[in-house]
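Engineer: Got a structure here, written out as structure tokens. Questions coming.
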Amino acid sequence: MKKIALTLAAVSALTLAACSGAENEAAEASNEVEATANEADLDVNASEAAENALDAAANLTDQAGEAIENAAEATGEAAENAAN
659 MKKIALTLAA
669 VSALTLAACS
679 GAENEAAEAS
689 NEVEATANEA
699 DLDVNASEAA
709 ENALDAAANL
719 TDQAGEAIEN
729 AAEATGEAAE
739 NAAN
């Protein structure tokens with residue numbers, strides 16, 4: 659009877675130890691998935707920041723073009739006024 663009880667206790671202890679290891683592996687896998695998701699979020703944020711920077715550069719180029727156009731018109735009008 660003692661042998662059976664000791665055998666059952668040993669099997670129970672081994673089972674608990676195996677489950678504990680599986681829990682640790684599951685937790686580590688969960689942490690890795692979370693880290694990967696965080697890295698993906700960072701990649702998306704960096705991509706959005708780059709897109710915003712390109713949009714801002716395009717806007718500045720448009721504004722510079724408009725300023726040059728306005729200056730050319732003003733120069734033309736000044737020359738015309740001076741001739742009159």
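Position one of the sequence shown corresponds to residue 659 (our numbering), numbered consecutively onward. A virtual CB, placed ideally from N, CA and C, is assigned to each residue, including glycine. Since this is a predicted model, take the numbers as computed values, not measurements.
1) Could you have a look at ASN742 and say whether DSSP puts it in helix, strand or coil?
2) Note down the Cα distance separating ASN742 from ASN703, rounded to an integer number of angstroms.
3) Tell me the rounded alpha-carbon separation between ALA698 and SER705.
Structural biologist: On the basis of the data shown:
1) Three-state result, ASN742: coil.
2) C-alpha separation (whole angstroms): 58 angstroms.
3) Rounded to whole angstroms, the gap between the alpha carbons of ALA698 and SER705 is 11 angstroms.
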